[in-house]
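K.L.:
Submitted below is the structure of interest, expressed as structure tokens.
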Amino acid sequence: MNGVAAALLVWILTSPSSSDHGSENGWPKHTACNSGGLEVVYQSCEQIYYAGPVNNPGLDVPQGEYQLLLELYNENRATVACANATVTSS
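All letters in the sequence shown, in the order written, are residues -19 to -1, 1 to 71 by mature numbering (1 follows the signal peptide of the UniProt record, and there is no 0).
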């Protein structure tokens, strides 16, 4: 489970700001929630690239490049969001 948490953290930290969620560039953007002053916008299948040290005390990560596909499902097993992440451990 530590590897999944690390991948999710990398995705959150490197994903682009949602301040431009009105633009039409790149992958399609979707509003997951917009109520009570909370708006959750995500960009489907965004390519993420990270190069640098991967430090996780619970998981030994050998040097190399790793392709991660992160998918978020709802209770009906329908895909809500996805991201393609590239992590390079050096």
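For every residue, glycine included, the Cβ atom is placed at its ideal position computed from N, Cα and C.
My guess is that Q44 and S70 are in contact by the Cβ rule of under 8 Å, so how many angstroms apart are they, rounded?
P.N.:
Rounded, the Cβ-Cβ distance is 5 Å, consistent with contact.
K.L.:
Mark A59 as exposed unless 16 or more other C-beta atoms lie within 10 angstroms of its C-beta, in which case mark it buried.
P.N.:
It counts as exposed.
K.L.:
By DSSP, does Q48 sit in helix, in strand, or in coil?
P.N.:
Q48: strand per DSSP, three-state reduction.
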